[in-house]
Amino acid sequence: MTNTNTLLDAAFRKAISQSLGFEADPLIGLSQNETFGDYQSNAAMGLAREVAQRSGQKTNPRAVAEKIIAQLDLGNMAEQVTIAGPGFINIRLSPVWLADQLTARSGDNRLGIDPAAHPRKVVVDYSGPNIAKQMHVGHLRSTIIGDCLARVIEYQHNQIIRQNHLGDWGTQFGMLIAYLRSQSQDTDARQDITDLEEFYRQAKKRFDELPTFAEEARNTVVQLQAGQSAELAAWRRIVDETRRHYQPIYDRLGVSLKPEHERGESFYNPMLQQVVEDLLSQGIAIRSEGAIVVFTEGFENPLIIQKSDGGYLYGTTDLAAIRYRAQKLGATRIIYTHDSRQAQHFAQVFATAARAGWAAGVSLEYAPFGTMLGADGKPFKTRSGDTVKLKDLLDEAEERAFGLVSQKNPELDEAHRRQIARAVGIGAVKYSDLSKDRTSDYVFNWDKMLSLDGNTAPYLQYVYARIKSIFRKAGKLPSPSAGRLQLDTPQEQALAKHLLRVGEIVESVARELKPHLLCAYLYDLAVRFSSFYENCPVLQSEPEIRQSRLALCDLTARTMALGLDLLGIEHPEQM
RNA sequence: GCAGCCGUAGCUCAGUUGGACAGAGCAGCGGAUUUCUAAUCCGCCGGUCGCAGGUUCGAAUCCUGCCGGCUGCACCA
């Protein structure tokens, strides 16, 4: 169903062209202050000059606004259209129209959110853990932001291709395999992830200290990359072991990544030589200081695609991936959810891919994010200064949440409390991240994210649980389409107007790649519902009002559930 | 040195891409509970939008220059 802002945009466009004789953007937006109205058009101010130029007569914004309104046909949408200040056109939606719209949406399992008019094939590249290492907090943001974007864009019926670009290739594996061999470790024996990390540390040490070992490690890489079976087998075991570590973390986080989404760096290995050759033959890449590089305007240093020793780098892999995703997978939009420190790298890679013609008709979008900081404003670390393991972080989140649930609801049995604690604890960690604009650094704070006050996951989950509680007490569920909504009180109207906006929000999240817009929307929804809940009794009211309010509750619960689903956050029936 | 990001209330953050008197939450202060989960709600207090210019009807937002912070910068990823 068409979003309100789209309906207004169309009506105003028509009115502008009829009254002024030319086309212009009506600049429709939400009112910043609800005392003015619900939506506003800010076009008249800017248009006044153009009107004066075209007609050769002096005019002013308010007069232009008058002309536009004279031609404006909003049907029964608006209760009031007024001109204010220098020439703002304020629109107040009519409660009857609102009620009709919402009634229609309550019968729709998509809550009136339209699928994309032109569905696309969209690659989302996110998470990308390193093989032979445990996941740590540095992987958290990419994993959950990327997953949220994938869910939102997928909900619009675009075809999403999740790509987990594992760090599974490169010199470090030669080192690790050579070390395991030299330890006369039975390479057939299974190594735990923590063993692998320890071996890696020792291998690195020996690599730096022993030139003969360094040489051996380099040879092993060559053998691995040439596909020697023994080395390949050892490598596969390392990858498998690492997956046994990270897949449970994805599952626990409620992240939709599965093994079939893995396309690690190794996958592109066979394509790298061709990438370099093609860039050379197109004259895009050149030889410089023994390496093969691409210079990009605006950057002093080049993107190196082949080292002087013949080895390839991650830029080469990224270029191969773009070509593969565009040409083989047929993607027309490729989204990278990666650390903002990669900005220059991606700028150079995107520019190179564009010059090579590999991204024709493809939108390459980099959705960077900042660093997780501790309370001291420095990167989030353990007390001893180590990086925080994701597993430990999630353990602590659940443990803290379990403490809170036990305190608030001691009568629930332990298994139930554990289950709620999982939803609340993990949800809190994810939400505290998703609710901030991803581009800036953010401060990690356990107490704030687990608080039931303010813009937190537990607060949203609580609102959902409260509604569910009403329905448990109400007995049989109302039929959503039974009767029409009655929006008599300010709280009901405020809630209704907000419910109607969900489609606009989903659209902006997908377009701007900003999950925090959805969080802000859901928080606002929770606040409005809470106000409604305080002021408007549901079950005790007269039958018609009761039915209408139950329908509002049902819509709120479904909207909240959908929003939390898109964020990848659970919503327990009870808290 | 070059490039990028950032600076908004005591703290954590928004600010719909140039619109109306800059908004939330937390903390602080004061209220509300015979009522569907008080894990809640309502009110008050709190800002020279880093500083200075400029662009224009209009700037937290765009441009320039300072100040302060973070990040990246040739063969790691």
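Using the numbering used here, the first residue of the first sequence is number 1, and each one after it goes up by one.
Even for Gly, the Cβ is constructed at its ideal location relative to N, Cα and C.
Option nearest residue i by Cα separation, candidates the options
i: Leu-280; options: Thr-316, His-261, Glu-297 and Tyr-250; result: Thr-316
i: Val-443; options: Leu-517, Tyr-179, Gly-374 and Ala-401; result: Gly-374
i: Val-509; options: Thr-6, Ile-153 and Leu-74; result: Ile-153
i: Ile-238; options: Asn-33, Phe-199, His-338 and Glu-260; result: Phe-199
i: Ala-116; options: Met-1, Pro-26, Ile-161 and Arg-162; result: Met-1
i: Phe-88; options: Ala-104, Trp-97, Ala-65 and Arg-105; result: Ala-65
i: Lys-258; options: Gln-163, Gly-174, Asp-278 and Arg-218; result: Gln-163
i: Lys-389; options: Gly-503, Gly-56, Val-51 and Val-137; result: Val-137
i: Arg-92; options: Tyr-268, Asn-5 and Val-294; result: Asn-5
i: Asp-192; options: Gly-361, Gln-344 and Glu-241; result: Glu-241
i: Ala-291; options: Trp-235, Ile-305, Tyr-314 and Thr-387; result: Ile-305
i: Leu-550; options: Arg-484, Asp-565, Pro-86 and Asn-33; result: Arg-484
i: Val-124; options: Arg-49, Lys-408, Arg-287 and His-261; result: His-261
i: Ala-234; options: Gly-174, Gln-282, Ala-203 and Arg-263; result: Gly-174
i: Leu-567; options: Pro-270, Glu-573 and Leu-513; result: Leu-513
i: Glu-399; options: Leu-149, Pro-270, Gln-461 and Arg-422; result: Arg-422
i: Thr-382; options: Gly-370, Ala-52 and Glu-396; result: Glu-396
i: Ala-226; options: Gln-273, Ala-465 and Tyr-246; result: Gln-273
i: Arg-141; options: Gln-547, Gly-370 and Asn-60; result: Gly-370
i: Asp-25; options: Gly-46, Leu-149 and Phe-36; result: Gly-46
i: Glu-544; options: Gln-486, Gln-282, Leu-499 and Thr-59; result: Gln-486
i: Arg-263; options: Met-449, Tyr-126, Met-135 and Asn-445; result: Tyr-126
i: Tyr-336; options: Ala-367, Gln-461, Ala-48 and Leu-8; result: Ala-367
i: Glu-507; options: Lys-497, His-498, Leu-499 and Leu-518; result: Leu-518
Enclosing alpha helix (DSSP H) for residue i [first to last residue]
i: Tyr-523; result: 515-535
i: Glu-414; result: 414-434
i: Ser-308; result: Ser-308 -> no alpha helix (DSSP H), and no H or E assigned at all.
i: Val-275; result: 272-281
i: Leu-102; result: 95-106
i: Ser-142; result: 140-155
i: Thr-4; result: 4-20
i: Val-36; result: In the sequence as presented, Val is not what sits at residue 36; that position holds Phe. That residue, Phe-36, is in no alpha helix (DSSP H); it is neither H nor E in DSSP.
i: Ile-69; result: 61-71
i: Met-560; result: 543-567
i: Thr-212; result: 211-225
i: Tyr-246; result: 229-253
Delimiting residues of the beta strand (DSSP E) encompassing residue i
i: Glu-365; result: 363-366
i: Ala-502; result: With the sequence shown as reference, residue 502 is identified as Val, and Ala is not the correct amino acid for it. Where Val-502 is concerned, there is no enclosing beta strand (DSSP E), although the alpha helix (DSSP H) it sits in stretches over 502-512.
i: Gly-29; result: 28-30
i: Val-122; result: 121-125
i: Ile-161; result: 159-163
i: Ser-41; result: 39-41
Beta bridge counterpart(s) of residue i as assigned by DSSP
i: Phe-380; result: DSSP lists no partner for Phe-380.
i: Phe-88; result: Ala-84
i: Ser-288; result: Ala-291
i: His-658; result: Here the chain has residues from 1 to 575 only, and residue 658 is not among them.
i: Ser-55; result: Paired residue(s): none; Ser-55 is not in a bridge.
i: Tyr-442; result: Met-372
i: Tyr-312; result: Gln-306
i: Arg-333; result: Val-122 and Ser-363
i: Asn-130; result: Gly-167
i: Ala-78; result: Leu-93
i: Thr-387; result: Lys-381
i: His-136; result: Lys-389
i: Glu-262; result: Asn-164
For residue j and residue i, believed in contact at Cβ under 8 Å, the rounded distance
i: Ala-331; j: Lys-121; result: 5 Å
i: Thr-296; j: Ala-351; result: 5 Å
i: Glu-231; j: Thr-220; result: 6 Å
i: Tyr-179; j: Arg-206; result: 7 Å
i: Gly-254; j: Glu-570; result: 7 Å
i: Leu-495; j: Arg-528; result: 5 Å
i: Phe-12; j: Leu-72; result: 7 Å
i: His-516; j: Ser-451; result: With 8 Å as the limit, His-516 and Ser-451 do not qualify as a contact, their Cβ atoms being about 18 Å apart.
i: Gln-348; j: Leu-303; result: 4 Å
i: Ala-465; j: Pro-572; result: 6 Å
i: Leu-552; j: Glu-492; result: 6 Å
Heavy atom of the ligand COA within 8 Å of residue i beta-carbon
i: Thr-171; result: For the ligand COA, the structure offers nothing, since it holds no ligand at all.
Problem - the segment 192-208 in contact with the segment 155-165 per 3-pair CB rule at 8 Å - result: no
Exercise for the section: Please confirm if the segment 548-562 is in contact with the segment 106-114, defined as three or more CB-CB distances below 8 Å between the two stretches. Expected result: yes
Problem - Inter-stretch contact (C-beta, 8 Å, three-pair minimum) for the segment 125-142 and the segment 166-173 - result: yes
Practice task
Would you check if there are 3 or more beta carbon pairs closer than 8 Å linking the segment 452-461 to the segment 517-524?
Solution key: yes
Practice task
State whether the segment 367-383 contacts the segment 425-432, with contact taken as three or more CB pairs (one from each stretch) at a distance under 8 Å.
Solution key: The answer is no - the segment 425-432 does not touch the segment 367-383, with fewer than three Cβ pairs under 8 Å.
Exercise for the section: Please determine if the segment 308-315 and the segment 327-344 are in contact, where contact requires at least 3 C-beta pairs separated by less than 8 Å. Expected result: no
Practice task
Taking 8 Å as the threshold, find out whether the segment 321-329 comes into contact with the segment 385-403 through three or more Cβ pairs.
Solution key: no
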